[in-house]
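As numbered in this note's numbering, the sequence shown has no gaps in its residue numbers, which increase by one up to the final residue, 922.
Don't be surprised by glycine CBs; every beta carbon is placed ideally from N, CA and C.
First comes the structure, then the notes that go with it.
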Amino acid sequence: MAARKTTTRLALLVQLPIPPVGLTPPRGNVPLAAGYLKAYAQRCCGTDVQIEILPQEIADRYGDAALVAEILGREPWLVGFSCYLWNVERTLWVARQLKQQRAETLIVLGGPEITPENTWVLQSGAADYAVVGEGEATFARLLHALGSRRVSPDAIPGAVPLASRGAALSDFGLGQPNPVEPLDEVPSPYLDGVLAPDGEGTIYLETLRGCRFRCKYCYYPKSFRRLRMFSQSRLLETLRWANTADVKEIVLLDPTLNGRRDFDALVDVLAHGNSAQRFSYSAELRAELLEPRQAEKLAAAGVSEVEIGLQTVDPAAQQLASRRTDPEEFARGANALGSAGIRRRVDLIVGLPGDGVESVRRGIEFLARRKLYEEVQVFNLSVLPGTAFRRNARRLGLVYQDRPPYAVLQTPTLSLEQMAALVEEAEAAFGTCFDPLPAAAELVSLADTGRCEPTAKSSTPRADLCSSGFSSGSVAQVIRMSLDGPGADKPWALLPPPQRWANSLLLWLQAADFDAARHTAAAVLDYVLCQAPHTTLQVVLEPQGDYQQVSPRCLSLLLETLYRTISYLDRYYSVQPGRLRGAKRLVVVAPEAARKDRRWRQAAGQYAELVFRRHGTL
Ligand code: SF4
């Protein structure tokens, strides 16, 4: 942590990652928005506030309580959070804890989840201000106003004082986005040295903001009313820097790379800036708008992968979504990309209004038969706040989760079961499994042997923790504890402190008699979820005595305890085929002999995944 003069106020910017599903750390959580905010505020305002971005390594790996402790330890005057679908609930939890522990800390929320429909975010009481839309200018003015006290922070366009400051929610309507014009006045966080390529040599680059399409499921249009471009000279300057900065991949963030009228000229710039072919590009575009010669040009410029959304082949569903795509034109563009050697990731959405079993199936068959992909992503529609579909959800008959990811649960023509069956059909057709959870045996093996050598012992003999080799601190990913012996009245006291937990936690419990110890085990889970409700949690039970004591009533109690708290990841997985409720799970490590015990296997298998251990191995 860099030294800071005690008189300087610290504004700390935080972006929490997509929750990891296993023990592998999250990827791709580049704090680009925070980078823009910092670069702009430093340049335009010469603010006397020191702005820091919480290092990605910490944001990505620390568990809920560990994050709170880390942030408080930096003594920020203000904390700004970027709120996305996947992190907004966890962000609010962290913000609430910060307020509880140090009420004077100012909390500012920004990002796509800040929208009038999201009253549950705006009225959470966890924040002082919300920034609507593009945040660079608004955040800089807010910092200045909050710091100087000569300007009222409540009169800044785009900044909304929230309920905890005494303003009524109806004031939200006054907060109009406040975009910077011309766009080049937003500095590049890379050129300004605010951000560096991530650990894999990847940078994110916008060539413009805005999208000329208005797909009704997308919340991009709400933030950007029209197209605004970065200049060619700015792009070339960034690419020149990338050539010297060991960049390996540039992810182009334009929502539709070929949606602009000067697309050919843009590709020329990308090619010119990558004439030595030092890096590759990836991008999103619309295949149906692409000419074959443009696919060749993209490949020559170094574009190695594109995401192309087919979404649906049904004309009625396309019309309702305001996204007309002729499947034949899509196929022509996708084939051109494939012939040019560009890897194609194709998206299909399940649950669009107007789509039914047959039409979704036609989309799957169309892609599979014509082999228009290297990878296919099939996902359920999210009825996102701020979109036309959300505004008209009742009229369209859409039932959806009331919290992220806001997945559609029912449409007039599709039930949740039908949607899950269609996703399964797609998995079979494309020979893949979408968003698989790591195999239970693999998890157990990782925790049991490989990476996670215990590096520290707690003060009690009954709880070991393993720091799994993190370089950024001492957070534990695997926590082992035995439920036998003294201390069962307060078993949570045997755990390492929550401030040392990672955001993906494997809790490994041992007991001679799990049935007798089931309430103790449930109390441990309760405690863990209270301290870390948004942490990815997997629980391994390892019987030390008779495996049959891992009884159905023990497993049922533990599963029920795990799902008393529902996280984003649980909701995400709850609509997937084959998932009971969500992402949390129980794994029982049983002796090989248990494999032959059909009755126990069937009973226990209703609640837990079973892993059999043969002579000390799996
Ligand atoms: S889905 Fe893509 S093309 Fe459609 S409005 Fe959103 S960003 Fe634009």
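Taking 8 Å as the threshold (C-beta atoms), are residue j and residue i in contact?
i	j	result
ARG674	ALA635	yes
LEU487	ARG513	yes
GLU924	ALA644	Within the shown structure, residues of the chain are numbered from 305 to 922, placing residue 924 beyond reach of any answer.
VAL680	LEU671	yes
GLU592	ASP568	no
TYR911	LEU863	yes
GLU440	LEU556	no
LEU320	THR395	yes
ALA337	SER386	yes
LEU656	ALA692	no
GLY415	TYR388	yes
LEU833	LEU811	no
TRP904	GLN852	yes
TYR867	ARG885	yes
ILE646	VAL607	yes
VAL571	GLN536	no
LEU446	VAL412	yes
LYS552	GLU504	yes
PRO708	VAL325	no
GLU729	ILE668	yes
Relative to the C-alpha of residue i, which residue among the options is closest?
i	options	result
ALA816	HIS823, ALA407, ASP788, ASN807	ASP788
PHE734	PHE693, LEU676, ASN684, ALA806	LEU676
ALA821	PRO525, MET785, HIS838	MET785
ARG695	SER626, GLY415, ASP496, LYS520	LYS520
LEU859	GLU379, VAL892, GLN354, GLY437	VAL892
SER586	ASP618, ASN562, ALA434	ASN562
THR715	ASP739, LEU688, ALA549, GLY658	GLY658
PRO895	GLN848, TYR877, GLU913	GLN848
PRO881	LEU713, LYS900, ARG406	LEU713
ASP502	ILE355, ASP364, GLU356	ASP364
ALA638	GLU356, LEU602, LEU314	LEU602
ARG564	ALA546, GLN581, ARG532, ASP550	ARG532
THR442	ALA430, ALA369, LEU798, GLU485	GLU485
ALA897	ASN391, THR869, ARG699, ASP850	ASP850
In its own chain, which residues sit with a C-beta less than 6 Å from the C-beta of residue i, not counting the 5 before and 5 after it?
i	result
ASP458	PRO465
SER776	Low confidence applies here, because SER776 scores a pLDDT of 43, under 50, leaving its location unreliable; read the following figure in that light. GLU361, ILE362, listed in sequence order.
GLY577	LEU540, LEU543
LEU809	THR839, LEU841
ALA373	GLN803
ASN391	LEU320
LEU450	PRO457
Are there 16 or more other CB atoms within 10 angstroms of the CB of residue i, so buried, or fewer, so exposed?
i	result
HIS823	exposed
ASP752	buried
SER492	buried
PRO380	buried
GLY613	buried
ALA732	exposed
VAL875	A quick correction: the sequence has Arg, not Val, at residue 875. ARG875 comes out buried.
GLN623	exposed
GLU417	buried
THR511	buried
ASP432	buried
GLY367	buried
VAL906	With the sequence shown as reference, residue 906 is identified as Gln, and Val is not the correct amino acid for it. Per the 10 Å Cβ criterion, exposed.
ASP793	exposed
GLN404	exposed
GLN581	exposed
Tell me which same chain residues have a C-beta within less than 7 Å of the C-beta of residue i, skipping the five on either side of it?
i	result
GLY690	THR419, GLU421, TYR523, LYS526
PRO559	CYS515, TYR524, GLU588
ARG454	none
PRO926	Any property of residue 926 remains undetermined from this structure, which presents the chain solely from 305 to 922.
LEU371	VAL398
VAL748	VAL844, VAL891, VAL893, VAL915, LEU922
ASN684	VAL654, GLY655, ALA711, VAL712, MET723, VAL879
VAL687	PHE693, ARG694, ALA697, LEU702, TYR704, TYR710, VAL712
GLY660	THR717, LEU718
Shorter than 8 Å from the beta carbon of residue i to some beta carbon of chain C?
i	result
THR328	No chain C is present in this structure, which holds just one protein chain.
For residue i, which residues of its own chain have a beta-carbon under 8 Å away from its beta-carbon, when the five flanking residues on both sides are left out?
i	result
ILE375	LEU316, VAL318, LEU358, VAL383, VAL398, LEU402
CYS737	GLU731
ARG649	GLU609, VAL610, GLU611, ILE612, TYR677, GLU678, GLU679, VAL680, GLN681
SER763	Its pLDDT being 33, under 50, SER763 is placed unreliably by the model, and the measurement read from it follows with that caveat. Result list for SER763: empty, nothing under 8 Å.
| said: Residues around ligand 1, please: the ones whose beta-carbon is closer than 5 Å to some heavy atom of it, in chain order. | reply: In chain order, the qualifying residues are CYS515, PHE517, CYS519, CYS522, TYR524, PRO559, THR560.
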